[in-house]
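Peer 1: Residue numbers (the working numbering): 660 to 1150. For each residue, glycine too, the CB sits at the ideal point set by N, CA and C. Mind looking over this structure? Questions follow.
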Amino acid sequence: MTSTLKVLMVTPELAPFASVGGLGDAVGSLTKALGQNGLDVRVVMPLYGFMSPDEDWVAKEGPMIVNLAGEAFCRVWETGYPGSENVKIYCLEYNKYFQRHEIYTGPWGSHGDNNERFAFLSRAALDLCHFIKWYPDIMHCHDWTTGLVPVFLNTTERETALKNTASVVTIHNLQHQGIFEKGILDFAGLHQTEFRSDSLESLGCVNFLKGGLYHANKITTVSPQYAQEIRTAEFGCGLDPVLNFRGADLIGVLNGIDTQGWNPETDPYLPANYSTRDFSGKAACKEALQRRFGLEVDPHIPIFCAIARLYWQKGIDLLADIIPGLLSEMKIQVLVLGSGEHHIEWYLSDLCNRYPGKVGVYIGYDKALSHLMEAGSDFFVMPSRFEPCGLNQMYSMRYGTVPVARSTGGLVNTIDQYNESDGSGTGFRFEEASCHGLYYSIGWACSTYYDRPQHFLKMRKTCMEKDFSWKTSALHYNDIYNWAISAKRPL
Ligand code: GLC
């Protein structure tokens, strides 16, 4: 391929505009990296109720027709990507579906019309290309919400100007698949013949992600380890047979991170900056963090922190369960930031009240505080039951905060196990998703901190020297795009 590759990202989230978890961050930083590599990369996403176009945004002329069974009209806004102005972003304004403050779930659980909302997003992504007469080489779809795009490309778009456009689906989290009643096919304007087990049908329902996995030219997921795990019954969430069937087209590419936004040398959220040459700023961050949470201010007590959505996947319940035991045996402090399942929120808040000065909890999300926690802590705890990639362990390593993590998914690919004989490695990993496994690893980290301080300092430095930028992975995506194109348009 000599001409500039044209890529349209289709996504429900894009940081900094709209982001619930890691997906928005990952798509945002990949998009930026591809733009810097000279690709013509654009993004299409909904305009949610919490986003408001400012004066730099341009409304495209005329409403765009969205070709669902019943025609719909939507307004298209165009804007640039902060810091990467050559990347165009198209936001779809359609108030009936997107004028809300939550992306996937409202106060009473999942939005009941998510089937229509995300069929709309997928259909509108294709209609956008016709509307602006820009036909990408690749449509790169992210998770179940965009799973219908490859299905449309292989069916309704076979004779249109999009007939040469190839598709790549990236799985950020296989647990969410978009399973709905059959009627959504009619709504989407898809033919009933797609209701079959090697397309959209699954156990009598329509499964958006499954359709995407069957129809995409290439499938990626966000770490090599997770690419293997999802082919097993334990991690496959029922789609392991499909992923094995498509095994030759399934590739794991490790996510990078936004190394500008997460840089301890320049981070504006920190009271002091630091680098491997001078750690004094990190000590200042630790003191600020201890004060902020009302912990005992003592530079010698190690802080273990966790930042996560408080859901089963993340295993924070395992940490909550062992906090009393840890505090009775070890001189440590524990901090948690996040929100999610109410029983975990409640239990953590209760621990915070029971152990003043030792445990700090912030229920919710606070960007500045999350940066301070990554910088001021000594260890970062990630007891995930599964973790497709995980970004926080990379943020923490970049900030010299050593991870204690379960050996799963991207955590295996990013954290090298500590070796007690020479102090090499970048973290403490454990195998079993259990309180016991986590307890043992925190104990190991704690004894390393107190008894082998030279090893701890060496690990801290090794962590900070790791390259987690998108450089290599963005090049890998470039190859995958070319493979997808040759799969779609064989010579
Ligand atoms: C999802 C996964 C997480 C991954 C992120 C970005 O949130 O749970 O592991 O890092 O997507 O790909």
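1) Just to check, is the beta-carbon of A685 closer than 7 Å to a non-hydrogen atom of ligand 1?
2) Should P1047 be counted as a contact of ligand 1 given a C-beta to heavy atom distance under 7 Å?
3) Which residue marks the beginning of the alpha helix (DSSP H) containing N774, and which one marks its end?
4) Alpha carbons only, please: which of T804, I791, D845, L849 is nearest the one belonging to T814?
5) What residue range is occupied by the uninterrupted alpha helix (DSSP H) comprising Q887?
6) Between the Cα of R701 and the Cα atoms of K755, G681, W793, R734, which residue gives the shortest distance?
7) Based on the DSSP output, what are the partners of E1079 in its beta bridges?
8) For V881, is the beta carbon positioned less than 7 Å from some heavy atom of ligand 1?
9) Rounded to the nearest angstrom, what separates P958 and A847 at their Cα positions?
10) Under a three-way DSSP split, which group does S1132 fall into?
11) Taking the Cβ atom as the reference point for each residue, do C1122 and V1071 lie within a distance shorter than 8 Å?
12) Report the residue ranges of all beta strand (DSSP E) runs contained in full by the region 788-855; include only those spanning at least 3 residues, in chain order.
13) Mind checking L862: buried by the 16 CB within 10 Å criterion, or exposed?
14) Taking C-alpha atoms, which residue in K747, L898, K1026, K945 lies nearest to I966?
15) Using a Cβ-based criterion (distance less than 7 Å to any ligand heavy atom), does S833 qualify as near ligand 1?
16) Let's test the definition: count the other Cβ atoms within 10 Å of the Cβ of K747 and tell me whether it reaches 16, buried, or not, exposed.
17) To the nearest angstrom, report how far apart G871 and G940 are at their CA atoms.
18) Which of the three DSSP states is assigned to N745 in this structure?
19) DSSP on Q992, reduced to helix/strand/coil?
20) CB A1092 to CB G974, shorter than 8 Å?
21) When we look at the beta-carbon of F709 and count the other beta-carbons within 10 Å, is it buried (16 or more) or exposed?
22) Using the beta-carbon count (16 or more within 10 Å), is D937 buried or exposed?
23) Residues in its own chain within less than 7 Å of A892 by CB, not counting five upstream and five downstream?
24) Terminal residues of the continuous beta strand (DSSP E) containing N866?
25) Does the region 1085-1101 touch the region 1037-1052, meaning 3 or more C-beta pairs lie closer than 8 Å?
26) Run through DSSP, which three-state label would R951 get?
27) Looking only at its chain, what residues have a beta carbon closer than 8 Å to the beta carbon of A1146, apart from the 5 residues adjacent to it on each side?
28) Could you tell me which of H770, H1002, G953 sits nearest to Y970, measuring between CA atoms?
29) Compare the Cα-Cα distances from W1142 to each of V827, A692, D699 and report the closest residue.
30) Quick check: what's the CA-CA separation for G694 versus H1135?
31) Taking only heavy atoms of ligand 1 into account, decide whether any of them is closer than 7 Å to the Cβ of N914.
32) Quick check on the burial criterion: 16 or more other C-beta atoms within 10 angstroms. Buried or exposed for P983?
33) Using a Cβ-Cβ cut-off of 8 Å (strictly less than) and excluding sequence neighbours within five positions of F759, which residues of its own chain qualify?
34) Report the start-end ranges of each alpha helix (DSSP H) in the region 889-962 that is 4 residues or longer and not cut off at the edges.
35) With respect to 7 Å, is the separation between the Cβ of G681 and the closest non-hydrogen atom of ligand 1 below this value?
36) Here's the rule: buried if 16 or more other CB atoms are within 10 angstroms of the residue's CB, otherwise exposed. What is E1124?
Peer 2: On the basis of the coordinates in this document:
1) Here the question's residue 685 lines up with position 26 in the sequence shown. Yes, the beta carbon of A685 sits closer than 7 Å to at least one heavy atom of ligand 1.
2) By 1-based counting over the sequence shown, the position of residue 1047 is 388. The answer is yes for P1047.
3) Position 115 of the sequence shown, counted from the start, is the residue given in the question as residue 774. Looking at the DSSP string, the run of the alpha helix (DSSP H) that includes N774 is 773-791.
4) Taking the first residue of the sequence shown as position 1, residue 814 is located at position 155. The shortest C-alpha separation from T814 is found at L849.
5) Translated into positions along the sequence shown, residue 887 becomes position 228. It spans 883-888 - the alpha helix (DSSP H) in which Q887 sits, taken as one unbroken run.
6) The count along the sequence shown starts at 1 and reaches residue 701 at position 42. Ranking the options by Cα distance to R701, first place goes to W793.
7) For the purposes of this step, residue 1079 is taken as the residue at position 420 of the sequence shown. BP columns for E1079 are empty, so no partner.
8) Taking the sequence shown and counting its residues from 1, one reaches residue 881 at position 222. Because some heavy atom of ligand 1 lies under 7 Å away, the Cβ of V881 counts as near it: yes.
9) Walking along the sequence shown from the start, residue 958 turns up at place 299. Walking along the sequence shown from the start, residue 847 turns up at place 188. So the alpha carbons of these two residues sit roughly 59 Å apart.
10) On the sequence shown, position 473 is the one that residue 1132 refers to. The answer is helix: DSSP assigns S1132 an H, G or I state.
11) Taking the first residue of the sequence shown as 1, we reach residue 1122 at position 463. Taking the first residue of the sequence shown as 1, we reach residue 1071 at position 412. Going by C-beta atoms, C1122 is not nearer than 8 Å to V1071.
12) 797-801, 825-830
13) Here residue 862 corresponds to residue number 203 of the sequence shown, with the count starting at 1. L862 is exposed by the Cβ-count criterion.
14) Here residue 966 corresponds to residue number 307 of the sequence shown, with the count starting at 1. Ranking the options by Cα distance to I966, first place goes to K1026.
15) Here residue 833 refers to the residue found at position 174 of the sequence shown. In the sequence as presented, Ser is not what sits at residue 833; that position holds Leu. No, ligand 1 has no heavy atom inside 7 Å of this Cβ.
16) Numbered from 1 along the sequence shown, position 88 holds the residue referred to as residue 747. Buried.
17) For the purposes of this step, residue 871 is taken as the residue at position 212 of the sequence shown. For the purposes of this step, residue 940 is taken as the residue at position 281 of the sequence shown. Computed Cα separation, rounded: 47 Å.
18) In the sequence shown, counting from the first residue as 1, residue 745 sits at position 86. DSSP places N745 in strand when its eight states are reduced to three.
19) Here residue 992 refers to the residue found at position 333 of the sequence shown. Strand at Q992.
20) Position 433 of the sequence shown, counting from 1, holds the residue named residue 1092. Position 315 of the sequence shown, counting from 1, holds the residue named residue 974. Going by C-beta atoms, A1092 is nearer than 8 Å to G974.
21) Counting from one through the sequence shown, the residue named residue 709 turns up at place 50. Exposed, since its Cβ has fewer than 16 Cβ neighbours within 10 Å.
22) Translated into the one-based positions of the sequence shown, residue 937 becomes position 278. Label assigned to D937: exposed.
23) If you number the sequence shown from 1, residue 892 lands on position 233. Taken in chain order, the residues that qualify are D899.
24) Counting from one through the sequence shown, the residue named residue 866 turns up at place 207. 864-866 is the span of the beta strand (DSSP E), which, as asked, contains N866.
25) yes
26) Within the sequence shown, numbered from 1, the residue matching residue 951 stands at position 292. Looking at R951 - three-state DSSP - the assignment turns out to be helix.
27) Translated into positions along the sequence shown, residue 1146 becomes position 487. Excluding residues within five positions, the ones whose Cβ falls inside 8 Å are A825, N876, K877, D908.
28) Locating residue 970 in the sequence shown gives position 311, counting from the first residue. The candidate whose alpha carbon is nearest that of Y970 is H1002.
29) Along the sequence shown, read from residue 1 onward, the residue named residue 1142 stands at position 483. The shortest Cα separation from W1142 among V827, A692, D699 belongs to V827.
30) Taking the first residue of the sequence shown as 1, we reach residue 694 at position 35. Taking the first residue of the sequence shown as 1, we reach residue 1135 at position 476. So the two alpha carbons sit approximately 14 Å from each other.
31) Here the question's residue 914 lines up with position 255 in the sequence shown. Correct: N914 has its Cβ closer than 7 Å to ligand 1.
32) Taking the first residue of the sequence shown as position 1, residue 983 is located at position 324. Looking at its Cβ environment, which holds fewer than 16 other Cβ atoms inside 10 Å, P983 is exposed.
33) Your numbering for residue 759 matches position 100 in the sequence shown. At residue 759 the sequence reads Arg, which differs from the Phe that was named. Hits under 8 Å: Y707, G708, G765, H770.
34) 899-904, 939-951
35) Numbered from its first residue, the sequence shown carries residue 681 at position 22. The answer is yes for G681.
36) Reading the sequence shown from its first residue, position 465 is the one you call residue 1124. With fewer than 16 other Cβ atoms within 10 Å, it is exposed.
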